[in-house]
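The sequence shown lines up with residues -25 to -1, 1 to 65 when you count with mature numbering (1 follows the signal peptide of the UniProt record, and there is no 0). What follows is a single structure, written as structure tokens, with notes after it.
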Amino acid sequence: MIKFKPALALGISILATSAAAPVMAQSCMDLWYQRNLIYAQNGYCFSTSLGKRQFAEYKCWTKNPDLTQQEQKRVDSIRAEERRRGCKVN
């Protein structure tokens, strides 16, 4: 079971909410977490066991969350970095 330390999760949370911040994650898992935190904060209902465990404290109500333009740009940036690194977290 993968657990994040509170300080790490807080730092990742701050990075994930800033669309202007460059992708600075240290690992593919960090990138996965940053990207999916944006979805969790917007009510996304995860279907994977990893997503359900990591974001259990967030309320889910949709499979198609409405992201702001800034959030979508951040997600796109993270996905591009995941592709560049060849990440396969989940």
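Cβ atoms here follow ideal geometry from the backbone N, Cα and C, with glycine treated the same way.
Nearest-angstrom beta carbon gap, residue j and residue i [assumed within contact, 8 Å]
| i | j | result |
| --- | --- | --- |
| residue 26 | residue 65 | 7 Å |
| residue 8 | residue 29 | 7 Å |
| residue 46 | residue 6 | Not confirmed; about 15 Å, so no contact. |
| residue 38 | residue 62 | The pair is not a contact, with the Cβ atoms about 22 Å apart (cut-off 8 Å). |
Between the CA atoms of residue j and residue i - distance to the nearest angstrom
| i | j | result |
| --- | --- | --- |
| residue 51 | residue 10 | 9 Å |
| residue 3 | residue 60 | 8 Å |
| residue 55 | residue 16 | 21 Å |
| residue 40 | residue 1 | 27 Å |
| residue 53 | residue 36 | 23 Å |
| residue 31 | residue 23 | 12 Å |
| residue 44 | residue 34 | 22 Å |
Three-way DSSP call (helix, strand, coil) for residue i in this model
| i | result |
| --- | --- |
| residue 33 | coil |
| residue -19 | With a pLDDT of only 45 at residue -19, under the threshold of 50, the placement of this residue in the model should not be trusted, and no figure is reported. |
Per-residue burial, residue i [other beta carbons within 10 Å of its own, 16 or more giving buried]
| i | result |
| --- | --- |
| residue -10 | Per-residue confidence for residue -10 stands at a pLDDT of 49, beneath the threshold of 50, marking its modelled position as unreliable; the derived number appears in the next sentence. It counts as buried. |
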